[in-house]
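J.: Structure in structure tokens, see below.
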Amino acid sequence: MGLFDRIFGRKIESDENKSAPKESESESLPLDELFLKEFTSSGGKFLYCENQEEVDQYFDNIIEENGWQEKDMLCLDSELIDRYASIANFTESYSKPTIFTTKCEHLIANQGSVLVCSKQLKGIKSEELPENLIVFARTSQMVVSISEALRAIKQRHLGGPLPTKITSFKNNEVNQENKDDFMHYGTKTKNLYLLLLEDF
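Next up, the structure:
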């Protein structure tokens, strides 16, 4: 049973009817639950939205709760700028913004990370981004692994140039377990919000 089934009240089997945990419980989880488990376990803040109105409301709430109404918010996406210009202090200047707001390419379930590329980052290096990130995504962007996401990106760009600067955002600290993981190179801990719109 998926996370969204639980949210919307479909019957959940009792503890006594559940089988013993499997050796690799993560592998058996539905895609949405796996992503949520990995994303929140590393400190990401996840807001599920049934419709665009909820996305708008949650975005406004994030800004208000953090006192970011007057803070410079870096945004390089014209659709987001047009939609939220009345509630956010957007800038396209890279000089000391407090927040970076963007869409993404994919959500990587087995890592709980958000994959972005040059389409979202333009000329910015990931290490130059502010500590606070707000990412807009759709459930249809969720994939199991980085390799699946890279295949999808390649498929979308058949016959054209592939995007560059492909990297992932994950709200975690580099530690002994992940220090050799190339996806952590040059990154720092981020305060990461994800506004996830159901689009299935």
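Whatever position you read off the sequence shown (first residue = 1), add 6 for my numbering.
C-beta atoms are modelled at their ideal positions from N, C-alpha and C, and glycine is treated no differently.
The structure displayed is predicted, hence computed values, not measured ones.
1) Can you tell me whether DSSP reads Ala143 as helix, strand or coil?
2) Out of curiosity, what's the CA-to-CA distance linking Asn95 and Ser151?
3) From the DSSP secondary-structure annotation, give me the bridge partner or partners of Ile105.
4) Output the distance between the C-alpha atoms of Asp207 and Gly166, rounded to the nearest integer angstrom.
5) Comparing alpha-carbon positions, which option in Lys125, Lys131, Asp66 and Gln75 lies nearest Ser101?
6) Going straight from the alpha carbon of Leu53 to that of Tyr90, what length do you get?
7) Just list the beta strand (DSSP E) runs in the stretch 32–99, keeping only unbroken ones of 3 residues or longer that don't cross its boundaries, in chain order.
8) Decide if Gln58 is buried, meaning its Cβ has at least 16 other Cβ atoms within 10 Å, or exposed.
T.: Considering the structure as presented:
1) Three-state result, Ala143: strand.
2) Roughly 35 Å separates the two Cα atoms.
3) Ile105 pairs with Met79 and Asn138.
4) Residue 207 cannot be examined here, being either before or after the span of the chain that is shown, 7 to 206.
5) Looking at the Cα atoms, Lys131 is the closest of the given residues.
6) Taking C-alpha positions only, Leu53 is separated from Tyr90 by approximately 18 Å.
7) DSSP runs (the beta strand (DSSP E)) wholly in the stretch 32–99: 51–55 and 79–81.
8) Gln58 is exposed by the Cβ-count criterion.
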